[in-house]
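Q:
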Amino acid sequence: MLKAGDIVYLWSSKLEDGFLLSLVPGRRLGSHVGVIGHDDILASDYGKAVMTHTGHSFYILKPMLGEYTRKLKRKTQIVFPKETGFILLYLDIFPGATVVECGTGSGSLTATLAHFVGDGGRVISYDRRGEFSKLAEENCKLWKVAHRVTFKVRDIAEGFDEREADAVFLDLPDPWNYLHHAILALAPGRRLGMILPTTNQVQRALAALKEQRFADIQVIEVMHRYWKTDPERLRPEDMMVGHTGYLIFAARVEAQEAQ
Numbered sequence: 000m001l002k003a004g005d006i007v008y009l010w011s012s013k014l015e016d017g018f019l020l021s022l023v024p025g026r027r028l029g030s031h032v033g034v035i036g037h038d039d040i041l042a043s044d045y046g047k048a049v050m051t052h053t054g055h056s057f058y059i060l061k062p063m064l065g066e067y068t069r070k071l072k073r074k075t076q077i078v079f080p081k082e083t084g085f086i087l088l089y090l091d092i093f094p095g096a097t098v099v100e101c102g103t104g105s106g107s108l109t110a111t112l113a114h115f116v117g118d119g120g121r122v123i124s125y126d127r128r129g130e131f132s133k134l135a136e137e138n139c140k141l142w143k144v145a146h147r148v149t150f151k152v153r154d155i156a157e158g159f160d161e162r163e164a165d166a167v168f169l170d171l172p173d174p175w176n177y178l179h180h181a182i183l184a185l186a187p188g189r190r191l192g193m194i195l196p197t198t199n200q201v202q203r204a205l206a207a208l209k210e211q212r213f214a215d216i217q218v219i220e221v222m223h224r225y226w227k228t229d230p231e232r233l234r235p236e237d238m239m240v241g242h243t244g245y246l247i248f249a250a251r252v253e254a255q256e257a258q
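Under numbering that gives the first Met the number 0, read the sequence shown as residues 0 to 258, first letter to last.
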């Protein structure tokens, strides 16, 4: 049975989209296809349909983490689900891991990392703007993972407090300026990741990585295309999710070999 504070995803087959909401008794959701009372949703359950006052139906679904991070309240650009999957795999995020993140932003990646490290792990997230850390903490609370995150409002020009972290991720316009701090925070053999929007930035980051104690350097761009789900007219959607950023991954080593 649903209860106050639960997050649900209301999906419409007609709209082929939906709404993500945290249930509050007495509140109503208004849309261009009608109004639904939160109390009506609370009286129902996952997998069932609820109706708007105009007779439009929505299914009550368990929210996916990817849908949550895409639709969360934000004041900044976010790391999109098509990149977060690669980040989780290429940084080898595991239950119990300690992950250091810089560039908290709205907390999209923060919530994802906190979800996967579990209660035995921790995420330490740095941002120099307090309003971003506050928003990210609110978003993590909605997903019920804020207790796994330590938010630090600080410029990382001062360095990281952590040592022997299992992964470090930098979402900054100039990550090459902070690689010496990342090396100190990261355990030997573990991975550093970063995301950058332009090739000029990627070039500078690669040059800096090759000068520092990093190996197994990789650059990845993820392209994402949905397909129409009509079995009689199966084809790609007219629009695709193209470039949103370049991912760079590298492993910290004790000494850089001659190239």
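C-beta: ideal position from N, C-alpha, C; glycine also. Just so it is clear, the structure is predicted and the values come from calculations on it, not from any experiment.
Helix, strand or coil for isoleucine 77 per DSSP?
A: coil
Q: Nearest by alpha-carbon distance to isoleucine 155: which of His31, Thr103 and Asp215 is it?
A: Thr103
Q: In three-state DSSP terms, what is proline 174?
A: Proline 174 falls in the helix class under three-state DSSP.
Q: Cα separation between methionine 63 and histidine 146?
A: 20 Å
Q: Does the CB of alanine 166 have a neighbour CB from chain B at under 8 Å?
A: No chain B is present in this structure, which holds just one protein chain.
Q: Using a threshold of 8 Å, state whether the C-beta atoms of glutamate 100 and phenylalanine 150 are closer than that.
A: 8 Å or more divides the Cβ of glutamate 100 from the Cβ of phenylalanine 150.
Q: Do alanine 249 and leucine 183 count as a contact pair if the criterion is CB distance below 8 Å?
A: The beta carbons of leucine 183 and alanine 249 sit no closer together than 8 Å.
Q: Would you say the region 113 to 129 touches the region 81 to 98, given that touching needs at least three Cβ pairs under 8 Å?
A: yes
Q: By how many angstroms is the C-alpha of threonine 53 removed from the C-alpha of proline 196?
A: 44 Å
Q: Given this structure, state the Cα-to-Cα distance separating arginine 212 from glutamine 76, to the nearest angstrom.
A: 30 Å
Q: Pull up the distance between the alpha-carbon of valine 201 and that of glycine 17, whole angstroms please.
A: 36 Å
Q: Report buried or exposed for tyrosine 8, applying the criterion of at least 16 other Cβ atoms within 10 angstroms of its Cβ.
A: That one is buried.
Q: Enumerate, from N- to C-terminal direction, the unbroken beta strand (DSSP E) stretches of 3 or more residues contained entirely within the region 127 to 186.
A: 148 to 152 and 164 to 169
Q: Per the contact definition of three or more C-beta pairs closer than 8 Å, is the region 105 to 114 in contact with the region 66 to 75?
A: yes
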